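Those letters in the sequence shown? Residues 2 to 137, per the numbering used here, in order.
Backbone N, C-alpha and C fix where the C-beta goes; we use that ideal spot for every residue, glycine too.
Computed from a predicted structure; not experimentally measured.
Below is one structure, written out as structure tokens; comments come after it.
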Amino acid sequence: MTFSFEIITPEKIVFKEEVNEVIVPTASGQITILPHHINLLTQIAEGEIIVKNGAKEQYLAVTGGFLEVSKNKVSLLADYAVRSEEIEIAKAEAAQKRAEKLMQEKVSERDFAIAETEFKRSLLELKVASRRRRKL
């Protein structure tokens with residue numbers, strides 16, 4: 002049995018497929034969604050999404066947003082999401098270094114918060130990309 006799963010960001014539809022299982026980080030902890038899950042609306046947390054379809058697993062990095070489960074359809078509206086295969090490791094590493102450097106400088110609170118967000122996002126991307134490489 003499968004259900005429809007989609008991830009939508011302000012820029013595009015990142016993911017849209019029929020799947021068997023999805024593991025999602027939420028504000029209250031990680032949850033697993035299976036076909037015919039009860040209706041649910043919850044806030045998602047920054048982290049890794051694991052999508053399973055038979056023996057195939059896909060990984061995505063996601064930050065901020067909401068998850069809705071209704072009538073065997075799961076929609077995740079995210080501030081940011083990227084598939085593991087689309088993550089450019091060199092870019093993520095460069096972003097991490099750039100953010101670390103900014104956070105060590107004397108910058109405004111706003112600039113520090115922006116750098117911290119970029120740092121966390123790059124760490125998440127590197128984690129998700131490394132998990133995908135281990136599975137290959």
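- Per the Cβ contact rule, the region 35-44 is not in contact with the region 53-64 (fewer than 3 Cβ pairs under 8 Å).
- Checking the DSSP bridge columns, you'll see Ile9 partnered with Ile14, Leu78.
- At the C-beta level, Ala130 and Ala95 stay beyond 8 Å of one another.
- Comparing alpha carbon positions, the residue from Asn21, Phe113, Arg132, Glu89 closest to Val75 is Asn21.
- With 16 or more neighbouring CB atoms inside 10 Å of its own CB, Val15 falls in the buried class.
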